[in-house]
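Colleague: Below you'll find the structure I mean.
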Amino acid sequence: MKKNSLAWLDWASAEIIERDSLRRRLLGSKPLKVKLGIDPTSKDLHLGHGVVLRKLRQFQDAGCKAILVIGDFTATIGDPSMVNKTRKPLSSRQVKENMKTYLEQASSIIDIKSAEVVYNSSWLGRLNLEEFVSYAGKVSLVELIERKDFALRLKSGQPVALHELLYAVAMAIDSVHLKADVELGGLDQKLNMLLGRALQKKVGQKPQELVMTELLPGTNSAEKMSNSEGNYIGLREAAPQMFAKLMAIPDELIEPYARLAAMYSEEMIKSLKKEYPNPKDRKGVVAEAIVSLYHGSRTARQAAKVFDETFRQKKIAEQLINPVSFNKAEITLLEAVSHARQVSRSQAQRLVSQGAVKVDGRKILDPQEKVKLTAKVMLQVGPHSFYSLSRHR
1 MKKNSLAWLD WASAEIIERD SLRRRLLGSK PLKVKLGIDP TSKDLHLGHG
51 VVLRKLRQFQ DAGCKAILVI GDFTATIGDP SMVNKTRKPL SSRQVKENMK
101 TYLEQASSII DIKSAEVVYN SSWLGRLNLE EFVSYAGKVS LVELIERKDF
151 ALRLKSGQPV ALHELLYAVA MAIDSVHLKA DVELGGLDQK LNMLLGRALQ
201 KKVGQKPQEL VMTELLPGTN SAEKMSNSEG NYIGLREAAP QMFAKLMAIP
251 DELIEPYARL AAMYSEEMIK SLKKEYPNPK DRKGVVAEAI VSLYHGSRTA
301 RQAAKVFDET FRQKKIAEQL INPVSFNKAE ITLLEAVSHA RQVSRSQAQR
351 LVSQGAVKVD GRKILDPQEK VKLTAKVMLQ VGPHSFYSLS RHR
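Residue numbers for the sequence shown follow this note's numbering, beginning at 1 and rising by one.
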């Protein structure tokens, strides 16, 4: 990517602060340090993470130094952005388990070898109370409490815990510690990122430029893709499953997925609409393009073929079934969904209560219903996710 051509900067960028300053710094001789933080709150990175990771890759290709911050400390606090209640804190053990494959997953998009990978527990976990209070003293309570998400919760009688107020402070300290020139994040992170910029100014650093990316909608709604909502497609999902899940998104999401997940330009989207007036055909083209980014074009074509045969013949193709085994003969439906989908028990419970789960073709709404594994059992979650459940032999 040519450094003096900055057209790439606008792809997926919802807002840039300060645009002119960032352009000047990108055209300068000093390689910029570009920070992206991801909290390991779940085992999976998903296509929503993929948007901001691709933006980080664009900065790498422009000659910048990528700094991937694994938020193993901030994950134990829980990001309060755009949530209507206090998140349940994660233990250090859970966080360690979640982040085991994060670098492998991220490497499907960014050049992990040239990136600097850091863990924010290595500095946040060592701050003593005096040091933390010194940073916190530079932040106004008004800046924190006037956030829209907090204001709505307080208005509705929902509590805001003190540690939630400190999340943005901890994230801002990351920027100060790393002396970041640029910070990337989803648009939902704007207030957290602005605080980092403000704190840098107050300690005498040049404030970081901010690039906020658009939020990829979840698979079933206009809400953002989220591990906690279970409406995501993981970066490491097998090609047939990834393709099938993409084919299940509502038609109105074809365009944002084409733009944000497949990196289509506006011209390409216009051509796509003209060439494929039928939404199903259009969705198939976009799904294949997205799968190609993670599995290669040949595997993506095969996944499309498997899906087409399955759709026409109305039967479950073997390639779409994931085998999952347990070490006991009887489990609850909650255990089955949580283990098969690799999600938390609360996420699994939500999927069951939404009527998204079937066992051997029968919809079940009770998460505590027993599932006997004396023979193989077919678990279906959503329209296109199938799991063959069995007991370890």
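Glycine residues also receive a C-beta, built at the ideal position from the N, C-alpha and C atoms. If you're wondering where the values come from, they're calculated on a predicted model, not measured in any experiment.
1) Less than 8 Å between the C-beta atoms of Leu36 and Leu215, yes or no?
2) With DSSP collapsed to three states, give me the class of Ser134.
3) Could you please give me the residues that DSSP links to Ala66 through a beta bridge?
4) Taking the alpha-carbon of Lys190 as reference, which of Arg54, Leu379, Asp79 has the nearest alpha-carbon?
5) Is the distance from the Cβ of Tyr276 to the Cβ of Ala340 below 8 Å?
6) Pull up the CB-CB distance for Arg391 and Lys328, whole angstroms please, since I reckon it's below 8 Å.
7) Looking at Lys33 and Thr213, is the spacing between their C-beta atoms short of 8 Å?
8) In three-state terms, what does DSSP make of Ala329?
9) Specify, as a first and last residue, the run of the beta strand (DSSP E) that Tyr387 falls within.
10) Take the Cβ of Thr374 as the centre, count every other Cβ of all protein chains shown within 10 Å, and call the residue buried at 16 or more, exposed below.
11) Just the C-alpha distance for Leu6 and Leu26, rounded to the nearest angstrom, thanks.
12) When you compare the CB positions of Ala289 and Ala239, do they come within less than 8 Å of one another, or not?
13) In or out: Ile70 buried (at least 16 other Cβ within 10 Å) or exposed?
14) Distance cutoff 8 Å, beta carbons only. Does Val95 sit that close to anything in chain C?
15) Gly125: buried (16+ other C-beta within 10 angstroms of its C-beta) or exposed?
16) Which residue comes first and which comes last in the beta strand (DSSP E) that contains Leu210?
17) At 4 residues or longer, and completely inside the stretch 175-263: list those alpha helix (DSSP H) runs for me, N to C.
18) Give me the Cα-Cα distance between Lys179 and Glu131, rounded to the nearest whole angstrom.
19) Reducing DSSP to helix, strand and coil, say where Glu309 ends up.
20) What does Glu104 pair with, by DSSP beta-bridge criteria?
21) How about the stretch 224-242 and the stretch 39-47: do they share at least three Cβ pairs that are nearer than 8 Å?
22) Can you check whether the CB of Leu144 is closer than 8 Å to the CB of Ala172?
23) Since Val139 and Leu199 are thought to touch, with beta carbons under 8 Å apart, how far apart are those beta carbons, to the nearest angstrom?
24) Go ahead and pull the three-state DSSP assignment for Arg126.
25) Counting C-beta neighbours from all protein chains within 10 Å, is the total for Glu209 16 or more, i.e. buried, or is it exposed?
26) Classify Glu143 as helix, strand or coil using the three-state DSSP reduction.
27) Under a three-way DSSP split, which group does Ala14 fall into?
Modeller: The answer reads as follows:
1) Contact: no.
2) Looking at Ser134 - three-state DSSP - the assignment turns out to be helix.
3) Per DSSP, Val34.
4) Ranking the options by Cα distance to Lys190, first place goes to Asp79.
5) No, Cβ-Cβ distance for Tyr276 and Ala340 is not below 8 Å.
6) Contact between Arg391 and Lys328 holds: CB atoms are separated by about 7 Å, below the 8 Å threshold.
7) The answer is no: Cβ separation not under 8 Å.
8) Three-state result, Ala329: coil.
9) Run containing Tyr387: 385-391, per the beta strand (DSSP E) assignment.
10) Flag for Thr374 reads exposed.
11) Whole-angstrom Cα-Cα distance: 8 Å.
12) Their beta carbons are not under 8 Å apart, which means Ala289 does not touch Ala239 by this criterion.
13) Burial call: buried.
14) Judged by its chain identifiers, the structure shown contains no chain C, having just a single protein chain.
15) With fewer than 16 neighbouring CB atoms inside 10 Å of its own CB, Gly125 falls in the exposed class.
16) Annotation for Leu210: the continuous beta strand (DSSP E) segment containing it runs 209-213.
17) Fully enclosed alpha helix (DSSP H) runs of 4 or longer: 190-202, 239-247, 254-260.
18) Between Lys179 and Glu131, the C-alpha separation is close to 17 Å.
19) Here Glu309 sits in helix by DSSP.
20) Under the DSSP definition of a beta bridge, Glu104 lacks any partner.
21) They touch, by the three-pair rule.
22) No, the Cβ-Cβ distance between Ala172 and Leu144 is not below 8 Å.
23) The C-beta separation of Val139 from Leu199 comes to about 7 Å, placing the pair in contact by the 8 Å criterion.
24) In the three-state reduction of the DSSP assignment, Arg126 falls in the coil class, being assigned neither a helical nor a strand state.
25) Result: buried.
26) Note: Glu143 maps to helix in three-state DSSP.
27) Under the three-state reduction of DSSP, Ala14 is assigned to strand.
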